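Peer 1: Per our numbering, residue -9 is the first one in the sequence shown, and the count goes up by one each step.
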Amino acid sequence: KIFKRGQAKQWKVKPKNPSNDYLEELVEFKKHVASMLEKEREKFNKGLKVNINCKAKFNVIKEGIIVDQPSYHYNAKSVTILRDDVIEDQLLPIFVRLGEGIQDRKDMGSGFQFLKVLHFDVTSCQYIPTKGGNYIPSPVWLQKRRAVVNIQSTDDKCILDCISAHIHPVDRNPQRPAH
């Protein structure tokens, strides 16, 4: 649904000049994706949540002969880019993780040799942090059971009222915020 509403976008980006140096590929792509994400952030005028995946192809060499050319996906943990953040700095952990994944595959000792990056998948969506709100009445059936105390807060500090009610319980009118 968020893709239909325009709150998220997904790109599949292939390298313009494929190289057999994966670090060079990652550095080049980081510059490209940073400019794409800057445009998205300006469009929303809010922060972004970003996830990047990479698909790379390898040669498997045994006794000097290429016996296979498998490809593998590398996934990195999503990052949140706020309105005032420098995008390239926030993307650094993603590209470090992708580079480590490729390097680990090469270092396995089973003849893997990096061939090229096939493509990068970039998904970004508008970052909307959760925040406190106002009092929402409990359903009548739940009120009648007296199983839950729903603090009738009139400001945005409802979590503080709930913590206070838990630490300092009262017998009469526990739903009132003044404890």
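Even glycine gets a Cβ: it sits at the ideal position worked out from N, Cα and C. Being a predicted model, the structure only gives us computed values, none of them experimental.
Give the list of continuous alpha helix (DSSP H) stretches no shorter than 4 residues that lie fully inside the stretch 123 to 147.
Peer 2: Fully enclosed alpha helix (DSSP H) runs of 4 or longer: 130 to 135.
Peer 1: Alpha carbon to alpha carbon, how far is residue 100 from residue 68?
Peer 2: If I take the Cα positions, the gap works out to 30 Å.
Peer 1: How far does the beta strand (DSSP E) with residue 161 in it extend, from its first residue to its last?
Peer 2: Residue 161 -> no beta strand (DSSP E), and no H or E assigned at all.
Peer 1: Which residues does DSSP list as the beta-bridge partners of residue 109?
Peer 2: According to DSSP, which records beta bridges pairwise, residue 109 is partnered with 45.
Peer 1: For residue 137, which option in 158, 164 and 74 has the closest C-alpha, if you only look at C-alpha atoms?
Peer 2: Nearest option by C-alpha distance: 164.
Peer 1: When the Cα atoms are used, what is the spatial distance from residue 58 to residue 9?
Peer 2: If I take the Cα positions, the gap works out to 19 Å.
Peer 1: Helix, strand or coil: which one does DSSP assign to residue 59?
Peer 2: Reduced to three states, the DSSP call for residue 59 is coil.
Peer 1: Residue 107 and residue 23 - do their beta-carbons sit closer together than 7 Å?
Peer 2: Contact flag unset, no.
Peer 1: Nearest to residue 66 by CA position, among 39, 55 and 102, is which residue?
Peer 2: Nearest of 39, 55 and 102 to residue 66, Cα basis: 39.
Peer 1: Put residue 77 into one of helix, strand or coil per three-state DSSP.
Peer 2: Residue state, collapsed to three classes: helix.
Peer 1: Express the C-alpha separation of residue 54 and residue 118 in angstroms, rounding to a whole number.
Peer 2: About 53 Å.
Peer 1: If the criterion is Cβ atoms closer than 7 Å, does the pair residue 71 and residue 42 meet it?
Peer 2: Cβ distance not < 7 Å, so residue 71 and residue 42 don't count as in contact.
Peer 1: Residue 159: which of 144, 64, 140 and 63 sits nearest, CA to CA?
Peer 2: Minimum Cα distance to residue 159 is reached at 140.
Peer 1: Cα separation between residue 105 and residue 26?
Peer 2: Whole-angstrom Cα-Cα distance: 26 Å.
Peer 1: Which one or two residues does DSSP pair with residue 209 in a beta bridge?
Peer 2: Coverage of the chain is limited to positions -9 through 169, which leaves residue 209 absent and any answer about it impossible.
Peer 1: Just curious, the beta strand (DSSP E) that residue 70 is in, first and last residue?
Peer 2: From DSSP, the beta strand (DSSP E) with residue 70 extends over 69 to 71.
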